[in-house]
Every structure is written in structure tokens, then in C-alpha cells.
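Notes for the one structure printed next.
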Amino acid sequence: MKNKMLKCTLALAMAGTLALNFATARTLATVNGTVIDDKIFEMIKKQNPRFNYDALSPQEQGKILDQLIDTVLISNEAKKEKLDETPEYKQAVSQLLVQLWIASVAKKVPAVTEAEAKKFYNDNKSKFEEQKATARHILVSTEAEAKSIIDQLNKQPKTKVEDKFKELANQLSIDPSSKQYQNGGSLGEFNLNSMVPAFADAVKDMKPKTYTKTPVRTQFGYHVIYLDSIKKPEVVSFDEAKNEIMHNLREVKVQQIVQDKVKKFRDSAKITY
Numbered sequence: 028m029k030n031k032m033l034k035c036t037l038a039l040a041m042a043g044t045l046a047l048n049f050a051t052a053r054t055l056a057t058v059n060g061t062v063i064d065d066k067i068f069e070m071i072k073k074q075n076p077r078f079n080y081d082a083l084s085p086q087e088q089g090k091i092l093d094q095l096i097d098t099v100l101i102s103n104e105a106k107k108e109k110l111d112e113t114p115e116y117k118q119a120v121s122q123l124l125v126q127l128w129i130a131s132v133a134k135k136v137p138a139v140t141e142a143e144a145k146k147f148y149n150d151n152k153s154k155f156e157e158q159k160a161t162a163r164h165i166l167v168s169t170e171a172e173a174k175s176i177i178d179q180l181n182k183q184p185k186t187k188v189e190d191k192f193k194e195l196a197n198q199l200s201i202d203p204s205s206k207q208y209q210n211g212g213s214l215g216e217f218n219l220n221s222m223v224p225a226f227a228d229a230v231k232d233m234k235p236k237t238y239t240k241t242p243v244r245t246q247f248g249y250h251v252i253y254l255d256s257i258k259k260p261e262v263v264s265f266d267e268a269k270n271e272i273m274h275n276l277r278e279v280k281v282q283q284i285v286q287d288k289v290k291k292f293r294d295s296a297k298i299t300y
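Residues 28 to 300 (the numbering used here) are what the sequence shown spells out, left to right.
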């Protein structure tokens, strides 16, 4: 998997280097007149800051260089076949330019301060409350199906409810995991914040070893939930959440600036339909 990812990264970096015509640096190889230099690794380092070509063994360097040479050979062959004149190529280049433009905008956006992050944390304390639970569910398409399942559970002695729930989950649930693994509808342990609100709210109102007496509707369908256990809520400290908050707030800033710029572009553009 790592090798495939590296090949993909190298191919993208090589394409970007050829397309953008970076200034040459230390030449690594020349392929039919096309120079491959170490400037290409600047793009790779942006995606993987730990990458260091010079620190690799001669064998590893050789493998990477072979991949780069193959990329050049394939790219040249693609040009011979005029694939660089196809709509697909133009679309790919257009998408690359959009990504590069957004990246250039992002570079100019100042980092979020710790004070900004702290304010967001204090203003949104509920978002940093974690509560973990272990549960099962049966997902069906209609409310009638969910009510029928609840009726069947209602007829079971308390000591038999969980086993019956597992049986019905394996038989009736349309959750792909339940169908594939026949796991009795198990969701394992999860954070309530990671679940859709209707599901999370239903679980919060339940007691362990009970099931929902009415169907729980979400965008996925109708759920019948069996709660195994639930822990007390815990608040994630600011220090634990700080880096993620700062990253996310900066992303929001970048998105807002990009949207504002695009709106200005549209306002001044002549667009016809």
C-alpha cells in the first residue's frame, strides 16, 4: 500500500514539475532530453515533510528514480498519442490549477492564535464533551418494519431479549456491516458525538440492557437500538483539543476567503447560460 501511494505521489509530483516548469536544480537523470532534477522532491515534501531523498539508501533512491523515469516515458508516450489535447487532460490541469490557487491563498492566511482557539473552546464547550457507549442496532427501511421488530422484542422474557435482538439484527438489518459479518447489529464502542443527533439523543435517554420502544428515524432509515453500556460524559481539555481547533479554524478562514474571492470573480465576470 505504501509503495502504491509513493508511486501515485511521485507521478503527481512529476506531472506538476513538467507542467509548471520549475527551475532546474541538481540533475538526477535525463530521459530523451527531459531533465529530472531534485526540485521535484519539494512537492513530495509538502505532502510528506519527513521525506528525505538524500537520506535513503542507494537501493531506495534507485527505485524512486526508476519510477520517475517511467513517469517521464509514459508522459512522453501520452503526448505522442495527443492525450494532452483531450478534454480529460484539460479538466485535470484545470483542477490542478484550482488546487494550486487555493494553496497560494492559504499561504497568506495567518495562523490562528491560541487566544482565538481558547475563545472557540469556551464558546462551544458542548462540542468537546465526549460520552462513550456500546450498543447494537437494527436498521430497516420503514417505520412499520421497526415497530414489528419492537413488538417481537416485547414478547420476549428479559433474559432472552438480547439474544432475540441479535437474531433479528442478523436476519433483518440492512446495515451493510450486519449483513456482511452477521454480528448481531453490534456497533462496538462509539462516541455519541460521532453519531447522527437523533441516534445519539435516543441513546442518552436509555438505560443499559434496554432497547428503544419506538423507532428512531435518521437519514439512513429506522433504527431499533439495544444499549449494552454507557459511560459518564467527559470533557476534553483545551490542551488536548487546541491543535485540532487551531487547524480547523484556519481551514474555515481559508474557505471563507476563497468563497469571498470567488464571489468577486463571479460579480465581475460576464457569464452566459
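Cβ coordinates follow ideal geometry from the N, Cα and C atoms, glycine included.
Can you tell me whether residue i is buried or exposed, with buried defined as 16 or more other CB within 10 angstroms of its CB?
i, result
"residue 292", "exposed"
"residue 166", "buried"
"residue 248", "buried"
"residue 193", "buried"
"residue 242", "buried"
"residue 221", "exposed"
"residue 173", "buried"
In the DSSP assignment, find the unbroken alpha helix (DSSP H) run with residue i in it and report its ends.
i, result
"residue 211", "Run containing residue 211: none; DSSP gives neither H nor E here."
"residue 243", "Taken as a continuous stretch (DSSP letters only), residue 243 belongs to no alpha helix (DSSP H), being part of the beta strand (DSSP E) at 243-245."
"residue 273", "265-295"
"residue 134", "114-134"
"residue 139", "Here residue 139 belongs to no alpha helix (DSSP H), and DSSP marks it neither H nor E."
"residue 224", "224-231"
"residue 193", "188-199"
In angstroms with no decimal places, state the Cα-to-Cα distance between residue i and residue j.
i, j, result
"residue 187", "residue 240", "16 angstroms"
"residue 179", "residue 261", "36 angstroms"
"residue 140", "residue 273", "7 angstroms"
"residue 223", "residue 132", "33 angstroms"
"residue 112", "residue 98", "18 angstroms"
"residue 288", "residue 294", "10 angstroms"
"residue 169", "residue 279", "38 angstroms"
"residue 48", "residue 122", "Low confidence applies to residue 48: its pLDDT is 44, below 50, so where it sits in the model is not reliable, and the reading given next is rough at best. For residue 48 and residue 122, the distance between alpha carbons rounds to 18 angstroms."
"residue 236", "residue 197", "19 angstroms"
"residue 110", "residue 116", "7 angstroms"
"residue 207", "residue 263", "35 angstroms"
"residue 299", "residue 124", "23 angstroms"
Looking at the ligand PLP, does it come within less than 7 angstroms of residue i, judged from the CB to the closest heavy atom?
i, result
"residue 241", "What this structure holds is no ligand at all, so the ligand PLP is not there to describe."
If you follow the beta strand (DSSP E) that residue i is part of, which residue opens it and which one closes it?
i, result
"residue 254", "248-257"
Based on DSSP bridge pairs, tell me the residues matched to residue i.
i, result
"residue 237", "254"
"residue 262", "156"
inquiry  = What ranges does the beta strand (DSSP E) occupy inside the segment 44-90, keeping only unbroken runs of at least 3 residues that lie completely in it?
reply    = Those beta strand (DSSP E) runs which fall completely within the segment 44-90 and span 3+ residues are 54-58, 61-64.
key: alpha helix (DSSP H) runs contained entirely in the segment 142-181, provided each spans 4 or more residues   = Counting only runs of 4 or more, we get 170-181.
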